[in-house]
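Report on the following structure.
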Amino acid sequence: MSAVRTDPPAASASPVRDTPPALELRGIDKRFGPVHANRGVSFAIARGTVHGIVGENGAGKSTLMNIVYGFHRADAGEVWVHGRRVDLLRPHDAIAAGIGMVHQHFMLVDNFTVLENVVLGVEGGRRLADGLARARAELERIARDYGLAVPLDAVVEHLPVGLQQRVEILKALYRRAEILILDEPTAVLTPQETDQLFRMLARLREQGKTVILVTHKLREIMAVTDRVTVLRQGAVVHETATRETSERTLAEKMVGRAVSLQVEKTPARPGGVLLAVQDLEVRDRFGVTRVRRASFELRAGEILGIAGVAGNGQSELLEALAGILTPSRGEIVFKGAALVRGGLGPRARRRLGLAHVPEDRLRMGTVAAFSAQANAILGYHDQPAYNRGGLLRGTAIQAGCARKMRDYDVRPPDPGLRLSAFSGGNQQKLVLAREIDCDPQVLLVGQPTRGVDIGAVEFIHRRLVRLRDAGKALLLVSVELDEILGLADRILVMFNGEIVGEVASADATEGKLGLMMAGVKEESV
Amino acid sequence: MSAPGRLPRWADLGLLPIVSLLAALAASAAIIAIVGESPWVALRLMAAGAFGSQEAAGYTLYYATNFIFTGLAVAVAFHAGLFNIGCEGQAYVGGLGVGLVCLGLDHHWPFWAILPVAMCAAAGFGAAWAFIPAWLQARRGSHIVITTIMFNFIASALMTYLLVEVLIKPGQQSPETREFASAACLPSLSALLGRLGLNVSASPLNLAFLFALAAAAFVWVFIWHTRWGYELRTVGQNPSAAVYAGISPPRMMLIAMLLSGALAGGLGLNEVMGVQHRLLLDFPGGAGFVGIAVALMGRNHPVGIFLAAVLFGALYQGGSQLSFDLPRINRDMVVVIQGLVILACGALENLFRTPLAALFARWRHPGEGE
Amino acid sequence: MHPASLPAPARLAALTAMLALLPLAAAGDFLPAIVYDFGGKFDRSFNQSASEGAERFKKETGIAFREFEITNAAQREQVMTQFARRGVAIIVAVGFTQASAVEKVAKEFPAVKFTIIDGTVDLPNVQSVNFREQESSFLCGMLAALASKTGRVGFVGGMDIPLIRKFALGYRAGAQYVNPGIEVFENMTGTTPAAWGDPTKGAELARSQFGRGADVIFHAAGATGIGVMQAARDEGRFSIGCDSNQNYLHPGSVLTSAVKRVDVAVYRAFMDAKNGTWQAGPLFLGLAENGVDWALDEHNRPLVTPEMEQRVNQARADIISGKVKVPEYRAP
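Going line by line, the protein sequences match chains A, B and C.
In terms of my numbering, the first sequence opens at residue 2 and continues consecutively.
In terms of my numbering, the second sequence opens at residue 34 and continues consecutively.
In terms of my numbering, the third sequence opens at residue 64 and continues consecutively.
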């Protein structure tokens, strides 16, 4: 099978209506055992457009894209590219058909240069040097045409994330992709980098390329797409031109009911200082300083948000507060106890009333192979409620888990089910239930709604605010600006390990925070 | 997402091993036929050789005793995410502990007093031998697979030195200690049952078998029903989550390896105190390595390990009977048959998992095939 | 009646009964058996030599024999019990590791004859055959010293056990008998049974001894010795073989072999038992009994000068007559 190749069409922002669609799906159906991931999905994407695909986690977006990219094979249905039916058995077939994909987690070899990464797998010829020289010329042309400047000889691991993503796009274009699939491309970008990406996508569209944007961020859908398809439970439930719809409509279609995107909350009534951080410096496992002399206070009855682009020290700050990383200097005072000098670990801090919902629940917050009830005692398994003289109290553990599941609407409410069988949102609700259940004074929360569906987001946000209103202190680390803006009463912004500014939530705007997140100090804003 | 469906639990634990076993037997039958013997006769000889008489069953369970101890040892370490290949050496040194206790006390103390000391020595020496690799892994990051293999060699060198230079019975050619007095011998099961008025033919099966069953029960309670077992499994499944929960992975690794070594040391009780009644060279005879296959096949669960250990005991005993009765099937053929079973049940279990899972998926959703 | 014509449970029961009771030999028939040690009967050395003795018996008398190669320690006792129970007249156990099993089973079956090779069991129905390896090693040591130009000779043993030390001690004494000032290097290959089957390591040890100036090396290391002899040929030096006559392996490089006639011991045990002349008790086979010797054949004839041959044969006669005493290794 050969890719359908045409010369770039004349620049035109409007979809070309008289040509066959760039991509058309007809009745795609896919099952994984009992899971019906895609149910008769059909839609068409016109050439030279940006098409959004939205849906909650588990709605079947990834499966669908993996079918289009040849990772999975559909049980039934057809894929048509530029008016031709194609058989996609492997990614190789998809590439040959002119389909390129930029994954959420980049598929780059970190210690190769940009050039080496781009030609990887299509070196061409027996001698590497010839292939590289040809590739260099070709890439320079592509970079000129699409405004995609990347230093070709830089080693990938030294590039900022935004540029790494650009390398992925270059890779796809170098393989002559006419259709470009981007899977959650903005998850790792600053607002400014996101803007740049969107400008780049517009340029690609002008050059006649077709872009498919898979995301759960409705704002981005509204900002850049021409049309949007909504998936729910594996099926297409809504398809429309973007300018004829709204965020609220899309959200309702995704969830299947009316949702509130705004967190309802009253102004905070801060009380006394519960947690004081003084001059904290944290190094990671490789000795690199990740948090530089951070000082702040956390009061009862407030939510303190920490904003920042991923990787600017928020994770390490959170882990240091929870007792997982040991700070190289500075002190954390909680309820009069010096946690660092006292050498108090996560277990001791929990007993004092400092609970922690970690950023990455699968890596740290849960054990995927354990049952829900075993996960519901993680970190609290040594408490008398759950064990007597070392023997675990099976009945109490099960009953406790069932109660938490009831209170936090975890579905299915089966304590014996393996954690990995639950959806992201339900896993997160279980973690939240576990950490809030023992009535902590301070709750550290990292990315509470990462990979969580909209319905659950609403629920989790309400619970966090309710906890604040009960007089507890919350420290919220999130890379989702919307979340920080919606929940926090005060916002600290971190850049390169430093707290570069503090903003009261009433004064905070996305633009202001975005600049601070990019390293521009508060005073000059 | 991309997993091709999961098997129901009963099929995963029951059906899959049986299908694998049947496949291995079919392959063995083909080989036996090529050699010119009737596979059917050979199979019946093997079955009868393993379970056909009290004596045969006694031998099968005697072999199984060793495999239960080493299988449990491998499984406990595995639950903590560690691959203990050193059971052979730990069992060897555990047996040394038993031997030293027996040699030192057999003429002075009665049996009931020697037994607990010998049990502690078996566990203690085995655990001590596991401690050094465990410490190196936990605190220095030296890979435990490498260090435990090395410690097998060191154990063997140590034992050879001790038996050739120090513990050898004076004036004797073969490197063995003197025989223990009867106060330091575990009673055979036939003697025990004889005391209850039951006549059972003699075999090496001895009291250590009951200890092995007790050890299996202990491991079950420890791993699934105690706080420490929970912590150990957490470390094995997700070390980051363990740190998050305030569990120290290095500490749990040490505990797991100590327990693993102690269990492996149990083999010393069976061989040294139960059967040989003396210390001799190489008495673990590879059971430490068979333990890996047993744990793998038994899914690291004591019940599975018991069943797998009995299966391997039957393969050992039945295989020995097979080569005794059909000289054309020599000992290397028997090893091949045993190897096929290990291959099918351990390494190749996914060979049958995928088609079985597909079959189940189709059965549950009829009319919607691939 | 053929078992297949019975219903299934009865068939199994019948089979079991057959297994347990069916004698291997019809009443009155003479049936000998042999149990090999871990090495197996094709180890080109000790066990193989035993197997050759049994085959020779079969060829000469037409009487078949039963054999078993063990794979783990517990099988020794089990197999001997089965042989004894099922009507075997004599059981030859090859190797010192079988001593404890022989002791146990011989006690249980006093009517069955047992012969243990390289071991000692003190029971009225056990014959213990031991070789005076130190005597042949002594002669090999003499030859090594006579052939050496550097005044340095080597010894590579297999596993470090008393038996191998016996070889080493006799070898050293023989070398010093010729040249009191001679230097003898000694290396053992390892501490596990793997030391008997590691030719690569044998070659390494040999090369290291050659490097230190040795020009003749005697091996008592089973298959490991193959590597020793290969290294000697590659370096243009001499090696001395062990157990069976290995002169033919590298003619011109193998100086001689310390031959141990395990085949003779097995053959004699079978023959004597058949003829009713078998006797229990210790049996020592040395130079006098032709149980051990040095090998001289067409392959090493050119290497052994008449003077060398004369001196070694003189010492051989002196040892037999008792004029020369060869030291024997005693376990601590």
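Just so you know, even glycine gets a beta-carbon here, dropped at the ideal spot from N, CA and C.
Go through its chain and collect everything with a Cβ distance to residue i's Cβ below 8 Å, but skip five positions before and after it.
i, result
"C/Lys-121", "Ala-127, Phe-128"
"A/Ala-397", "Ala-386, Tyr-387"
"B/Pro-399", "Interpretation of B/Pro-399 is limited by its pLDDT of 48, a score under 50 that renders its predicted location unreliable; no figure is taken from the coordinates."
"C/Leu-348", "Val-192, Asn-193, Phe-194, Arg-195, Arg-324, Val-327, Ala-328, Gly-354, Val-355"
Beta carbon of residue i, beta carbon of residue j: below 8 Å?
i, j, result
"A/Leu-318", "A/Ala-373", "no"
"C/Leu-232", "C/Pro-390", "yes"
"A/Gly-520", "A/Phe-496", "yes"
"A/Val-443", "A/Leu-326", "no"
"A/Glu-303", "A/Ala-339", "no"
"C/Phe-248", "C/Ala-295", "no"
"B/Leu-49", "B/Leu-389", "yes"
"B/Val-327", "B/Thr-103", "yes"
"A/Glu-503", "A/Leu-493", "yes"
"C/Ala-152", "C/Lys-176", "yes"
"A/Ala-403", "A/Pro-414", "yes"
"A/Glu-25", "A/Val-260", "no"
"C/Ser-316", "C/Ser-307", "no"
"B/Phe-385", "B/Val-52", "yes"
"C/Gly-339", "C/Gln-190", "no"
Counting only C-beta atoms, is residue i closer than 8 Å to chain E at any point?
i, result
"B/Gln-206", "The question asks about chain E, but that chain is absent: this structure's protein chains are A, B and C."
If residue i sits next to residue j, beta carbons under 8 Å apart, how far is it from one beta carbon to the other, in whole angstroms?
i, j, result
"B/Gly-346", "B/Ala-97", "3 Å"
"B/Ser-223", "B/Ser-236", "7 Å"
"A/Leu-552", "A/Gly-456", "This structure cannot settle anything about residue 552 of chain A, because the visible part of chain A is limited to 2 through 526."
"A/Ala-178", "A/Ile-100", "6 Å"
"C/Arg-300", "C/Val-322", "With 8 Å as the limit, C/Arg-300 and C/Val-322 do not qualify as a contact, their Cβ atoms being about 21 Å apart."
Distance check for residue j and residue i, CA to CA, integer angstroms please.
i, j, result
"B/Ala-60", "C/Ile-179", "39 Å"
"C/Phe-105", "C/Glu-123", "21 Å"
"A/Asn-427", "B/Pro-317", "50 Å"
"C/Leu-84", "C/Gln-145", "Its pLDDT being 47, under 50, C/Leu-84 is placed unreliably by the model, and nothing is read from it."
"C/Val-98", "C/Ile-154", "7 Å"
"A/Gly-163", "B/Ser-293", "49 Å"
"A/Leu-392", "B/Glu-198", "47 Å"
"C/Leu-202", "C/Ala-351", "13 Å"
"A/Val-87", "A/Ala-75", "12 Å"
"A/Arg-463", "A/Arg-200", "35 Å"
"B/Ala-156", "B/Phe-100", "16 Å"
"C/Ala-76", "B/Gly-85", "Its pLDDT being 45, under 50, C/Ala-76 is placed unreliably in this model, and the coordinates cannot settle the point."
"B/Cys-378", "B/Met-330", "6 Å"
Which two residues bound the contiguous alpha helix (DSSP H) that contains residue i?
i, result
"C/Gln-190", "Unbroken run through C/Gln-190 is the beta strand (DSSP E), 189-194; no alpha helix (DSSP H)."
"A/Arg-286", "No alpha helix (DSSP H) holds A/Arg-286; DSSP gives it neither H nor E."
"B/Phe-357", "335-358"
"B/Val-107", "87-112"
"A/Glu-527", "Missing from the structure shown is residue 527 of chain A; chain A here goes from 2 to 526 and no further."
"C/Tyr-330", "325-338"
If you drop the 5 nearest sequence neighbours on each side, which residues of the same chain put their C-beta closer than 6 Å to that of residue i?
i, result
"B/Thr-5", "Beyond the ends of chain B as shown, which are 34 and 403, falls residue 5 of chain B; an answer cannot be given."
"B/Gly-351", "Met-79, Gly-82, Ala-83"
"B/Glu-209", "Arg-311, Leu-313"
"C/Gly-116", "Asp-326, Val-329, Tyr-330"
"A/Leu-183", "Val-103, Leu-214"
Going by DSSP, what residue range makes up the beta strand (DSSP E) through residue i?
i, result
"C/Asp-306", "301-306"
"A/Arg-74", "Neither: A/Arg-74 is in no beta strand (DSSP E) and is coded neither H nor E."
"A/Met-102", "100-103"
Using a Cβ-Cβ cutoff of less than 7 Å, which residues in the same chain neighbour residue i once the five nearest sequence positions on both sides are dropped?
i, result
"B/Val-134", "Ile-147, Val-150, Ala-151, Ala-154"
"A/Lys-62", "Ile-54, Gly-56, Val-215, Leu-232"
"A/Met-365", "Pro-359"
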